[in-house]
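For the protein sequence lines, the chains are A and B, in the order given.
Every letter in the first sequence is one number past the one before it in the working numbering, and letter 30, counting from 1, is 30.
Every letter in the second sequence is one number past the one before it in the working numbering, and letter 159, counting from 1, is 159.
Beta carbons: idealized from backbone N, C-alpha and C, even for Gly.
Predicted model only: the values in this text are computed from it and were never measured.
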Amino acid sequence: MNEEIIISGRMIPHVDPHLELWHWPISLYLFLGGLSAGILFFAALFTILGKEKEFAGAIKRATIVVPFALGIGLIALMYDLTHIMYVWQLYATIRLESPMSWGAWVLMLVTPLSALWVLGYFKEYFPYWSWKTGFVKPLGIVIDWINEYRMTIAWILIPSTLLLGMYTGILLSAFNARPLWNTSVLGILFLTSGLSSGAAVIIWVSQNHVERKLFSQIDLSLIIIELFLIAHMIISLYAGPEVQNQAAQVIMGGQFTFQFFGVVVILGLIVPGILEVLELKGFHFPVAIPVLLVLIGGLVFRFVMIDAGQLTRYLY
Amino acid sequence: MRYAMAIDTKKCVGCSDCVVACQTENNVPTGYCRDWVIETVTGTYPDLAIELRSERCNHCAEAPCVSSCPTGASQYGPGGIVFVEHDECIGCGACIESCPYDARYIHPDGYIDKCTFCMHRVEKGQDPACVAVCPTNCMYFGDMDDPNSEISKLVSTRKYKTLAPEAGTDPKIFYLI
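Dropping the structure here:
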């Protein structure tokens, strides 16, 4: 027998009987952050490779989603803060040992750049506006200026979107008090998942067969990598100390097994993976099916990790 | 100077006076507590062993709450006391997530709150409220850097343990066993 009980009574809101501090806004933000990083990374990459015409879906269409996704993500993040009036303190310092601090700064860099990126294509979105006269003239000048520096923006976006995608995972993996999160594979796993979600959105909005096929191949590769990384995560939890073995139980037979394996792994990775293989072999499905499955899988993955991680602890 | 606390589990009777003293001294909101008492029962009947521990923030030397804080609100004070500067705290909860001892909570006013070793008392040379009130005198507070302090002597002569040392936090609450 080994029983530990709190005899002085303790039922602190959000802390007891187990941590329930971070809720859906954080999960939603982590998903939207990863998704935005994925879309912008591909847009920047194919711009640098000089494929603006062939990959208009990635560069011009999918990127419209990004400022909105980051905006909603930021609002969700703010909503979760309990001392919101002091939020400016986040930008009064940089603390490299705190992933949340440098992540906030990366977000501060990527969000305006994503808005500039989309603004730069306004002349193509609204070709019938008279850009040389009237009240839109100053906007036209700004747009020309953005396009002049688009290559620079793209080069800045490559490392910063990779950092953003990775940070959503490192934010969690840096907490060694939550054994389920405390695995270094999480950073690269969240990045891969974000890139995969980004590729899925690009497939959805693309109007060009070549682009769609290439991104189906990219997405399929990312899904396979993600499956390997999930296996890595589970192996590392079982190879770790006792607290991590116990933490693994939450997704391996415990409370979140169905959500993790049923929804994230099977419905969110394996099924869309198979559909994409069949699609590349010539079978035709509505493209929305694999895309939505990948996106739902990515979103549920964040929910499972946030909720399950907070069940795991060191003591009691 | 390095403040620390030693708690004699052989002398503790689990009366929870430390908990009430803390709540009163620090005006802790109803339903919250900065310290609590744990009873651990091990063994098989009739060979049972009970251990009682008054637990609180461990004022770790390698505090994950300080390193995870994005604004620097969570910080080390004099003597290594870990505390939260309310006006710098945004209420993100990173420190709560990072604490292996679950010693922090969100104050109803929004900022993160925790045990401060009663900094306001310690500054005046008094013991923290929990130590001062303990009816069995099982708690000791003092400076670990002073080899002549009572706590230094206890920790160097008695067997002790710390909680979850494997979390790598270098905790400064010593349980004498």
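Task: Neighbour-count burial assignment, residue 161(B), 16 or more Cβ in a 10 Å radius - done: Within the second sequence, the letter at position 161 stands for residue 161(B). The residue in question, residue 161(B), is exposed, as its Cβ has fewer than 16 Cβ neighbours within 10 Å.
Task: Rounded straight-line distance, which links the Cα of residue 88(A) to that of residue 122(A) - done: Here residue 122(A) is taken as the residue at index 122 of the first sequence, counted from 1. Here residue 88(A) is taken as the residue at index 88 of the first sequence, counted from 1. Whole-angstrom Cα-Cα distance: 32 Å.
TODO: Keeping to the same chain, check which residues put their C-beta closer than 6 Å to that of residue 19(A); ignore five residues upstream and five downstream.
DONE: The residue you call residue 19(A) lines up with position 19 of the first sequence. Within the same chain, residue 19(A) has close Cβ partners 310.
Task: chain B within 9 Å of residue 183(A), Cβ atoms only - done: Taking the first residue of the first sequence as position 1, residue 183(A) is located at position 183. False, the Cβ-Cβ gap to chain B never drops below 9 Å.
TODO: Residues of the region 97 to 127 of chain A with a CB closer than 9 Å to any CB of chain B: list them in chain order, please.
DONE: 97, 98, 99, 100, 101, 102, 103 and 104
Task: Close beta carbons around residue 276(A), own chain, < 7 Å, minus the five adjacent residues each side - done: In the first sequence, the residue the question calls residue 276(A) occupies position 276. Excluding positions up to five away in sequence, the list reads 216, 219, 220 and 290.
Open item on the list: Would residue 110(A) and residue 70(A) qualify as a contact pair, given that the criterion is a beta-carbon distance under 9 Å?
Closed with: Within the first sequence, residue 110(A) is the residue found at index 110, counting from 1. Within the first sequence, residue 70(A) is the residue found at index 70, counting from 1. The answer is yes: Cβ separation under 9 Å.
Task: residue 187(A) at chain B interface by Cβ criterion, 9 Å - done: On the first sequence, position 187 is the one that residue 187(A) refers to. Interface criterion not met: the Cβ of residue 187(A) is under 9 Å from no Cβ in chain B.
TODO: Inspect the CB distances between the region 109 to 120 of chain B and the region 77 to 86 of chain B and report whether three or more fall short of 8 Å.
DONE: In this structure the region 109 to 120 of chain B lies against the region 77 to 86 of chain B, because at least three pairs of beta carbons, one per stretch, are closer than 8 Å.
TODO: Could you check if residue 145(A) is buried or exposed, using at least 16 other CB atoms within 10 Å of its CB as the buried criterion?
DONE: The sequence position of residue 145(A) within the first sequence is 145, counting from 1. So residue 145(A) counts as exposed.
TODO: Inspect the beta-carbon positions of residue 151(B) and residue 59(B) and report whether they are closer than 9 Å.
DONE: What you label residue 151(B) is simply residue 151 of the second sequence in a count that begins at 1. What you label residue 59(B) is simply residue 59 of the second sequence in a count that begins at 1. The answer is no: Cβ separation not under 9 Å.
Open item on the list: Which residues in chain B have a C-beta closer than 7 Å to the C-beta of residue 314(A)? List them in chain order.
Closed with: The sequence position of residue 314(A) within the first sequence is 314, counting from 1. What residue 314(A) touches in chain B: 100, 164 and 167.
TODO: State the Cα-Cα distance for the pair residue 46(B) and residue 263(A), rounded to the nearest angstrom.
DONE: Position 46 of the second sequence, counted from the start, is the residue given in the question as residue 46(B). Position 263 of the first sequence, counted from the start, is the residue given in the question as residue 263(A). So the alpha carbons of these two residues sit roughly 48 Å apart.
- [ ] Run down chain B in chain order and give the residues with a C-beta less than 8 Å from the C-beta of residue 176(A).
- [x] Here residue 176(A) corresponds to residue number 176 of the first sequence, with the count starting at 1. The answer, in chain order, is 64, 98, 100, 167 and 168.
- [ ] Classify residue 127(A) as buried or exposed, calling it buried when 16 or more other Cβ atoms lie within 10 Å of its own Cβ.
- [x] To locate residue 127(A), count along the first sequence from 1; it is residue 127. Classification for residue 127(A): exposed.
Task: Sub-9 Å separation of residue 30(B) and residue 176(B) beta-carbons - done: As a working mapping, residue 30(B) is identified with position 30 in the second sequence. As a working mapping, residue 176(B) is identified with position 176 in the second sequence. Their beta carbons are not under 9 Å apart, which means residue 30(B) does not touch residue 176(B) by this criterion.
TODO: Within its chain, find whatever has a CB closer than 6 Å to the CB of residue 167(B); leave out the 5 residues flanking it on each side and keep chain order.
DONE: By 1-based counting over the second sequence, the position of residue 167(B) is 167. Cβ neighbours of residue 167(B) beyond the five flanking positions: 100.
Open item on the list: By DSSP's criteria, residue 135(A) is part of a beta bridge. Which residues make up the other side?
Closed with: The count along the first sequence starts at 1 and reaches residue 135(A) at position 135. Looking at the DSSP assignment, residue 135(A) forms no beta bridge with any residue, so it has no partner.
Task: Every unbroken alpha helix (DSSP H) within the region 130 to 208 of chain A, with a cutoff of 4 residues, ordered by chain - done: List check, alpha helix (DSSP H) in window: 137 to 148, 150 to 173 and 185 to 205.
- [ ] May I ask you to list, following chain order, the residues of the region 65 to 88 of chain A that have a beta carbon less than 9 Å from some beta carbon of chain B?
- [x] 77, 80, 81, 82, 83, 84, 85, 86, 87 and 88
Task: Nearest residue (CA-CA) to residue 179(A), options 201(A), 200(A), 223(A) and 250(A) - done: For the purposes of this step, residue 179(A) is taken as residue 179 along the first sequence, with counting starting at 1. Taking only the C-alpha atoms, the option nearest residue 179(A) is 250(A).
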